Amino acid sequence: MPDYEQTLQEAALNFMCRHQAEYQHEDLLLFQSTIMFLRNTISAEQQLATRIVARAYREFSSCSKKPGYWLDRANSTANVAIIVDPDGVSHAIGLPLIVRQFIESPPKPRLLVVK
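Read in this note's numbering, the sequence shown has 24 at position 24, and its numbers run on one by one without any break.
Pasting the structure below:
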């Protein structure tokens, strides 16, 4: 593989790693987004970008680690956030609770590590 293609593959793999949380369970969208990234930022031709992303995706899917917790945007609503834990269990959390606990509450003192 020429150095240029290797560089493109590394760029595609890095893009997938950075953006995997945005595309939870939407591998096709991540794949397409990575192709667009190569086409827009590096001006790669469609056929080359697709081939490079396919190779990068094989490497990505064999070694990627999904984040422990993620937001299920498809099932969340304007009032309830659905959080999925590492075991695949969904938890519904009301947005008023999130606002009270994390936005409106006064800052809590931080604990310091003492040796």
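By construction, the Cβ of each residue, glycine as well, lies at the ideal position given by its N, Cα and C atoms. These figures come from a predicted structure and were not determined experimentally.
Determine the DSSP secondary structure at S118, reduced to helix, strand or coil. Beyond the ends of the chain as shown, which are 1 and 115, falls residue 118; an answer cannot be given.
Give a yes or no on whether the C-beta atoms belonging to H116 and I83 are separated by under 8 Å. Because the chain is modelled from 1 through 115, residue 116 falls outside the range shown and cannot be assessed.
Just reading off the beta strand (DSSP E) that H25 is part of, what are its end residues? The count along the sequence shown starts at 1 and reaches residue 25 at position 25. Looking at the DSSP string, H25 is not in any beta strand (DSSP E), and its letter there is neither H nor E.
Among A49, V80, Y57, which one has its Cα closest to the Cα of H19? The count along the sequence shown starts at 1 and reaches residue 19 at position 19. H19 has its Cα closest to that of Y57, out of A49, V80, Y57.
Enclosing beta strand (DSSP E) for I42 [first to last residue]: For the purposes of this step, residue 42 is taken as the residue at position 42 of the sequence shown. I42 -> no beta strand (DSSP E), and no H or E assigned at all.
Three-state class that DSSP yields for S90 in the structure shown: Numbered from its first residue, the sequence shown carries residue 90 at position 90. If DSSP states are grouped into helix, strand and coil, S90 belongs with the strands.
For the alpha helix (DSSP H) that I117 lies in, which residues bound it at each end? What the structure shows of the chain is the stretch from 1 to 115, and residue 117 is not part of that stretch, so it cannot be assessed.
Name, in chain order, the residues that DSSP records as bridge partners for L71. For the purposes of this step, residue 71 is taken as residue 71 along the sequence shown, with counting starting at 1. Answer is I83, bridged to L71.
With 16 other CB atoms within 10 Å as the buried threshold, where does I103 fall? The residue given as residue 103 occupies position 103 in the sequence shown. Exposed.
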